[in-house]
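Visitor:
Here it is in structure tokens:
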């Protein structure tokens with residue numbers, strides 16, 4: 001069975017991004033602190049072509065985000081997409097020439113463009129007809145493997161509200177952002193029941209995995 | 216050193232009570248689910264004069280709430296206090312004739328009344344001149360031991376905003392309440408920095424203990 005899994009970092013007061021999110025600053029003001037536990041990890045640095053770094057209980061959790069995953073969905077701010085913000089050149093996102101996905105990535109956006117084939121097996125596809133279409137295309141591309149939803153807040157909320165998520169891993173970071181985008185917001189009347197699968201304590205973060213069950 | 220420690224259950228979307236809190240329903244609509252992990256515990260049942268019950272990873276956490284604690288502070292809804300809602304008799308709160316505290320309890324309220332001495336060493340004191348006064352009286356009564364802040368949301372927010380808490384244990388419950396009282400709300404410009412002490416996974420809940428540090 002192919003699951004749709006959300007992995008996202010959330011402050012203890014419920015925000016997955018600070019205020020004033022933009023293409024230049026997709027995590028908003030102060031939001032980069034949500035990744036303070038992630039960025040020093042050796043496994044994260046290796047994935048971005050760097051050496052050294054820490055190994056701790058978060059390492060296996062982060063690796064788990066990519067296990068058995070055949071395709072990724074993300075929102076446009078997380079891609080950094082749209083027309084190039086800094087001049088005429090088409091902007092290729094945050095991910096460099098060899099993005100760490102190594103599988104098809106579907107970017108939910110209003111800006112249609114041709115697919116961008118990168119080094120290392122990652123191809124960015126730009127989906128302009130909504131989250132159902134993105135999921136359908138991602139499931140097809142994943143060939144039976146899971147589909148990972150990378151965020152940001154808006155697409156996460158949309159998939160939650162539509163009842164399309166099978167699993168949520170929330171990495172709870174002991175900071176208070178006080179303002180910004182909440183993960184559990186704009187859910188309208190959606191009925192969402194959760195079942196705790198496991199919690200893992202790591203330096204500066206606790207990883208809570210929940211199964212989304214029929215409410 | 217005498218610490219002020221908050222122990223409170225919070226939904227994954229950040230609420231410590233559902234909507235429409237009242238003296239009759241201090242946890243609001245749906246809020247009693249915040250205690251679904253707690254009520255079946257043997258240690259909780261024994262504390263309320265009942266037998267049987269479960270033993271799991273939450274048992275030691277719950278016992279820890281009372282360790283080295285010499286006094287408790289709570290808000291009026293948690294006491295159930297004020298004039299008796301059901302007839303003329305003075306209402307003695309939710310806690311029965313032998314409350315589980317066995318030490319002085321300071322109830323922050325607008326309704327002044329005489330102290331109520333219960334069986335088993337618990338005396339309820341009613342503090343009408345604010346949270347600073349309640350803390351001062353509780354520290355004095357605790358005689359060097361810690362002071363426990365039991366909630367509800369309003370007094371927890373007040374102590375957080377005033378920068379008076381030393382430790383927060385948030386028991387994160389994998390439910391979405393969607394509305395009600397948020398723990399981290401009404402904090403105004405308070406500068407609050409947290410440091411994760413530990414996380415404990417238990418059935419249906421994860422207990423996150425954080426130290427409040429100078430921001």
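Chains as they are written, first to last, in our numbering: chain A, 1 to 215; chain B, 216 to 430. Note that CB positions come from ideal geometry on N, CA and C, so glycine has one too.
1) Residues in the same chain with beta-carbon distance under 8 Å from residue 47/A, minus the five sequence neighbours each way, listed in chain order, please.
2) Using a Cβ cut-off of 8 Å (strictly closer), state whether residue 4/A contacts chain B.
3) With 8 Å set as the bound, which would you pick, yes or no: does the beta-carbon of residue 175/A sit closer than that to a beta-carbon of chain B?
4) For a contact defined as C-beta to C-beta under 7 Å, what are the partners of residue 199/A on chain B?
5) Could you list which residues in chain A have their beta carbon closer than 8 Å to that of residue 409/B, in chain order?
6) State buried or exposed for residue 128/A, treating a residue as buried only when at least 16 other CB atoms are found within 10 Å of its CB.
7) Suppose contacts are defined by Cβ-Cβ distances below 8 Å. Is residue 288/B in contact with residue 331/B by that definition?
8) Can you name the start and end residues of the alpha helix (DSSP H) that residue 375/B belongs to?
9) Taking residue 39/A as part of the beta strand (DSSP E), name the residues at either end of that continuous run.
10) Which one or two residues does DSSP pair with residue 146/A in a beta bridge?
11) Quick one, which residues of the stretch 315 to 327 of chain B are near chain A if we go by CB-CB under 8 Å, in chain order?
12) Hey, is residue 277/B's beta-carbon within less than 8 Å of any beta-carbon in chain A?
13) Is the number of C-beta pairs between the stretch 51 to 59 of chain A and the stretch 98 to 114 of chain A that are closer than 8 Å three or more?
14) Which residues in the same chain have their Cβ closer than 8 Å to the Cβ of residue 68/A, if we skip the five residues on either side of it in sequence?
15) Check whether the Cβ atoms of residue 36/A and residue 176/A sit closer than 8 Å, and answer yes or no.
16) What number of angstroms, rounded off, separates the C-alpha of residue 87/A from the C-alpha of residue 136/A?
17) Suppose the cutoff is 7 Å on Cβ atoms and the five residues either side in sequence are ignored; what does the same chain contact list for residue 358/B look like?
18) For chain A, is any of its Cβ atoms less than 8 Å away from the one on residue 254/B?
19) Using DSSP with H/G/I as helix, E/B as strand and the rest coil, what is residue 120/A?
20) Can you tell me which of the three DSSP states residue 354/B falls into?
21) Give me whichever residues DSSP pairs with residue 385/B in a beta bridge.
22) Suppose you measure from the CA of residue 89/A to the CA of residue 96/A; what does that come to, to the nearest Å?
23) Within 8 Å of any Cβ in chain B, is that where the Cβ of residue 86/A sits?
24) Does the CB of residue 212/A have a neighbour CB from chain B at under 8 Å?
25) Does the beta carbon of residue 127/A sit closer than 8 Å to a beta carbon anywhere in chain B?
26) Measure the C-alpha to C-alpha separation of residue 335/B and residue 313/B and round it to an integer number of angstroms.
27) So with Cβ pairs under 8 Å, would you call residue 231/B a contact of chain A?
28) Interface residues of chain A around residue 385/B at Cβ under 8 Å?
29) Taking the alpha carbon of residue 333/B as the point to measure from, which residue in 327/B, 309/B and 410/B has its own alpha carbon closest?
30) Just to check my reading of the structure: residue 405/B and residue 378/B have Cβ atoms closer than 8 Å, yes? What is that Cβ distance to the nearest angstrom?
31) Report the neighbours of residue 259/B on chain A: residues whose CB is nearer than 7 Å to its CB, in chain order.
32) Across which residues does DSSP place residue 291/B in a beta bridge pair?
33) So is residue 182/B in contact with chain A if we call contact Cβ pairs under 8 Å?
34) Would you verify that the beta carbon of residue 79/A is, or is not, closer than 8 Å to some beta carbon of chain B?
35) Under 8 Å between the Cβ atoms of residue 221/B and residue 364/B?
36) For a cutoff of 8 Å on Cβ pairs, would you count residue 224/B as touching chain C?
Guide: Walking through what the data contain:
1) Cβ neighbours of residue 47/A within its own chain (closer than 8 Å, five residues either side excluded): 100.
2) The Cβ of residue 4/A sits no closer than 8 Å to any Cβ of chain B.
3) Chain B, which has a Cβ nearer than 8 Å to the Cβ of residue 175/A, makes this yes.
4) Result: 414, 416 and 421.
5) Going along chain A in sequence order, the residues near residue 409/B (Cβ under 8 Å) are 12, 174, 175 and 176.
6) So residue 128/A ends up on the exposed side.
7) Cβ atoms of residue 288/B and residue 331/B: not closer than 8 Å.
8) It spans 368 to 376 - the alpha helix (DSSP H) in which residue 375/B sits, taken as one unbroken run.
9) Note, residue 39/A: premise wrong, no beta strand (DSSP E); not H, not E.
10) Beta-bridge partners of residue 146/A (DSSP): 69/A.
11) Answer set for the stretch 315 to 327 of chain B: empty.
12) No, residue 277/B does not count as interfacial toward chain A.
13) Proximity of the stretch 51 to 59 of chain A to the stretch 98 to 114 of chain A falls short of the contact definition, fewer than three beta-carbon pairs being nearer than 8 Å.
14) Cβ contact annotation for residue 68/A (same chain, cutoff 8 Å, sequence separation greater than five): 145 and 146, in chain order.
15) Residue 36/A places its beta carbon 8 Å or farther from that of residue 176/A.
16) Unreliable placement is indicated for residue 87/A, whose pLDDT of 44 sits below 50; the coordinate value is still reported in the next sentence. Their Cα atoms are separated by approximately 34 Å.
17) 285, listed in sequence order.
18) Taking a beta-carbon distance threshold of 8 Å, residue 254/B does not count as an interface residue toward chain A.
19) Note: residue 120/A maps to helix in three-state DSSP.
20) Reduced to three states, the DSSP call for residue 354/B is helix.
21) Answer is 223/B and 423/B, bridged to residue 385/B.
22) Only weak support exists for where residue 89/A lies, its pLDDT of 48 falling under 50; the value from the coordinates is given anyway. Distance between the alpha carbons of residue 89/A and residue 96/A: 14 Å.
23) Caution applies to residue 86/A, whose pLDDT of 42 falls short of 50 and renders its modelled position unreliable; the value that the coordinates give is listed next. Residue-level contact check: residue 86/A does not touch chain B, since none of the beta carbons of chain B fall below 8 Å from its beta carbon.
24) Under the Cβ distance rule, residue 212/A does not count among the residues neighbouring chain B, no pair being separated by less than 8 Å.
25) Residue 127/A is outside the set of residues whose beta carbon lies under 8 Å from a beta carbon in chain B.
26) Their backbone Cα atoms lie some 6 Å apart in a straight line.
27) Not one chain A Cβ lies under 8 Å of residue 231/B.
28) Near residue 385/B (Cβ distances below 8 Å), the residues of chain A are 12.
29) Closest by alpha carbon: 309/B.
30) Distance from residue 405/B to residue 378/B at the Cβ level is roughly 6 Å; contact confirmed, criterion being Cβ atoms closer than 8 Å.
31) Ordered by position in chain A, no residue passes the 7 Å Cβ test against residue 259/B, which lies about 19 Å from the chain.
32) Bridge partners of residue 291/B: none, in fact.
33) In the structure as shown, chain B begins at 216 and stops at 430. Residue 182/B is therefore absent and cannot be evaluated.
34) With 8 Å as the cut-off, residue 79/A does not count as an interface residue toward chain B.
35) Contact: yes.
36) Among the chains of the structure shown, chain C does not appear; the protein chains present are A and B.
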